[in-house]
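Note sheet for the following structure.
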Amino acid sequence: MTSASEIPADLSVLARIRAHGFAVVPNVLDSFTVETMKRELLRSAKEDLAAWAGRDYPDAWMVHNLMVRNSVFARFLENAVLHSYLSPLLGDTCILYAYTSSSMPPAGANFSSRVHVDSPRVIPGYWTNVGVMVALDDFTSENGATRFLPGSFERVAAPSREEFAQSEEVFPTAGDAVVFNARTWHMGGRNTTGVARHAVTLNVCRSYMRQRFDYPRLVGGETLDHVGEVGRRFLGFNVRMPSTLEEYYLPDAERLYKAGQG
Ligand SMILES: O=C(O)CCC(=O)C(=O)O
177 MTSASEIPAD LSVLARIRAH GFAVVPNVLD SFTVETMKRE LLRSAKEDLA
227 AWAGRDYPDA WMVHNLMVRN SVFARFLENA VLHSYLSPLL GDTCILYAYT
277 SSSMPPAGAN FSSRVHVDSP RVIPGYWTNV GVMVALDDFT SENGATRFLP
327 GSFERVAAPS REEFAQSEEV FPTAGDAVVF NARTWHMGGR NTTGVARHAV
377 TLNVCRSYMR QRFDYPRLVG GETLDHVGEV GRRFLGFNVR MPSTLEEYYL
427 PDAERLYKAG QG
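Each residue of the sequence shown is one higher than the one before, starting from 177 at the first, in the numbering used here.
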């Protein structure tokens, strides 16, 4: 398995992310992985729609906790390109806050199609959460390309309609990712075509923050078969809390909250 440190980030792309709050990172996934993810995503989205039919379900077409839906999503937690951008932005102890998807159905949109941010707090000069949106289809203005307002990640209040008119669409092609400060104001577009537009989305946070779900408890052994040390750390296995003194005094190698996690 390729280690995260083996692929350096493109420094000009990284600089653009830092300055504008977002940029397209090319070639994060190969085309076989894109097709596999798309197939599994579609299957999962349909399963969830059926399971929630008749109930209040605001997240239609947004599948949660992808790592337990298929091994292709679990393996992505080790992706070297992904980590080559996350480590400089959030430290190499950063953890997954959320792992979902965002599909724009044919002639439709989803819950992301409102001007929003993906993190509630602003700490000037300090990034707490990074978003990663991996395109599984080429984004176009017609199929719901996301819009981002450049440099907006330190503003607390939502931009006015006039201000958001300065936002830019992003056009990743399938397999590229948009990496962004989760405080950058953005919105999903509306798909006016007859074909769904799919994306996988991750929200990543600092190691000492809490995750949306308790991933070390949520993921089972089968998922862990597909990840190595980087993936385990990313899932939060190095920052679990002891609940007994026996766990607190475990030897270093077995510690739940490992040393040096930032
Ligand atoms: O799918 C999109 O275009 C946008 C997704 C989004 O805004 C989000 O996941 O926060």
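C-beta: ideal position from N, C-alpha, C; glycine also.
Can you tell me whether residue i is buried or exposed? The criterion is at least 16 other CB atoms within 10 Å of its CB, across all chains shown.
{"i": "Glu367", "result": "The displayed chain sequence assigns Asn, not Glu, to residue 367. With 16 or more Cβ atoms within 10 Å of its Cβ, Asn367 is classed as buried."}
{"i": "Glu254", "result": "buried"}
{"i": "Thr399", "result": "buried"}
{"i": "His292", "result": "exposed"}
{"i": "Thr369", "result": "exposed"}
{"i": "Ala333", "result": "exposed"}
{"i": "Thr178", "result": "In this prediction, Thr178 scores a pLDDT of 42, lower than 50, which makes its location untrustworthy; the coordinate-derived value is nonetheless stated afterwards. So Thr178 ends up on the exposed side."}
{"i": "Ile193", "result": "buried"}
{"i": "Tyr424", "result": "exposed"}
{"i": "Ser419", "result": "exposed"}
{"i": "Asp313", "result": "buried"}
{"i": "Ala180", "result": "Only weak support is given to the placement of Ala180: the predicted model assigns it a pLDDT of 48, under 50, and the value that follows is read from those uncertain coordinates. With 16 or more Cβ atoms within 10 Å of its Cβ, Ala180 is classed as buried."}
{"i": "Leu421", "result": "exposed"}
{"i": "Lys214", "result": "buried"}
{"i": "Met417", "result": "exposed"}
{"i": "Pro348", "result": "buried"}
{"i": "Leu266", "result": "buried"}
{"i": "Leu426", "result": "exposed"}
Would you please state the rounded distance, in angstroms, between the beta carbons of residue i and residue j? I believe it to be under 8 angstroms.
{"i": "Val355", "j": "Val210", "result": "The Cβ separation is near 17 angstroms, so there is no contact."}
{"i": "Phe249", "j": "Thr360", "result": "Contact flag wrong, Cβ pair sits at about 24 angstroms."}
{"i": "Arg245", "j": "Ser220", "result": "5 angstroms"}
{"i": "Leu205", "j": "Val306", "result": "Actually they do not touch by this definition, with Cβ atoms about 18 angstroms apart."}
{"i": "Val228", "j": "Asn286", "result": "It should be noted that the sequence gives Trp, not Val, for residue 228. Actually they do not touch by this definition, with Cβ atoms about 14 angstroms apart."}
{"i": "Val371", "j": "Glu330", "result": "Val371 to Glu330, Cβ: 37 angstroms. No contact."}
{"i": "Val380", "j": "Tyr273", "result": "6 angstroms"}
{"i": "Thr322", "j": "His362", "result": "6 angstroms"}
{"i": "Val308", "j": "Thr377", "result": "7 angstroms"}
{"i": "Gly230", "j": "Met280", "result": "The Cβ separation is near 23 angstroms, so there is no contact."}
Kindly indicate the opening and closing residues of the alpha helix (DSSP H) around residue i.
{"i": "Thr299", "result": "The question names Thr, yet the displayed sequence has Ile at residue 299. Unbroken run through Ile299: none, as it is neither H nor E."}
{"i": "Thr209", "result": "207–227"}
{"i": "Val189", "result": "187–196"}
{"i": "Leu242", "result": "Careful: Leu242 lies outside any alpha helix (DSSP H) and carries neither H nor E."}
{"i": "His259", "result": "256–266"}
{"i": "Thr399", "result": "397–400"}
{"i": "Val406", "result": "405–411"}
{"i": "Arg431", "result": "Arg431 -> no alpha helix (DSSP H), and no H or E assigned at all."}
{"i": "Glu338", "result": "337–340"}
{"i": "Arg386", "result": "It is not in any alpha helix (DSSP H) - Arg386 carries neither H nor E in the DSSP assignment."}
Check whether the Cβ of residue i lies closer than 6 angstroms to any heavy atom of ligand 1, and answer yes or no.
{"i": "Gly396", "result": "no"}
{"i": "Gly364", "result": "yes"}
{"i": "Ser288", "result": "yes"}
{"i": "Thr349", "result": "no"}
{"i": "Asp294", "result": "yes"}
{"i": "Ser441", "result": "Residue 441 lies beyond the residue range present for the chain, which begins at 177 and ends at 438; the question has no answer from this structure."}
{"i": "His420", "result": "Note that residue 420 is Thr in the sequence shown, not His. Not under cutoff, so the answer is no."}
{"i": "Ala375", "result": "yes"}
{"i": "Thr322", "result": "yes"}
Which residues bound the beta strand (DSSP E) around residue i?
{"i": "Phe159", "result": "The structure shown has nothing for residue 159, since the chain only spans 177 to 438."}
{"i": "Ser277", "result": "271–277"}
{"i": "Leu377", "result": "Note that residue 377 is Thr in the sequence shown, not Leu. Thr377 -> beta strand (DSSP E) spans 375–381."}
Return the chain-ordered list of same chain residues with a C-beta closer than 6 angstroms to the C-beta of residue i, the five sequence neighbours on each side being excluded.
{"i": "Gly407", "result": "Leu253, Glu254"}
{"i": "Ser288", "result": "Ser278, Gly364"}
{"i": "Gly412", "result": "Ile271, Gln387, Tyr391, Pro392"}
Spatial neighbours of residue i within its chain, please: C-beta separation below 8 angstroms, excluding the five flanking residues on both sides.
{"i": "Asn203", "result": "Val257, Gly351, Asp352"}
{"i": "Gln437", "result": "Thr269, Ser383, Tyr384, Asn414, Val415"}
{"i": "Ala283", "result": "Asn367, Thr368, Thr369, Gly370"}
{"i": "Pro184", "result": "Ser260"}
Residues in the same chain with beta-carbon distance under 7 angstroms from residue i, minus the five sequence neighbours each way, listed in chain order, please.
{"i": "Leu190", "result": "Tyr261, Pro264"}
{"i": "Ser446", "result": "The chain is shown only over 177 to 438; residue 446 falls outside these bounds and no answer can be derived."}
{"i": "Met243", "result": "Phe249, Ala250, Leu253, Tyr275, Val395, Thr399"}
{"i": "Pro326", "result": "His196, Gly197, Glu344"}
{"i": "Pro300", "result": "Glu330"}
{"i": "Ala341", "result": "none"}
Heavy atom of ligand 2 less than 6 angstroms from the Cβ of residue i, yes or no?
{"i": "Pro335", "result": "Ligand 2 is not part of the structure shown, which contains ligand 1 as its ligands."}
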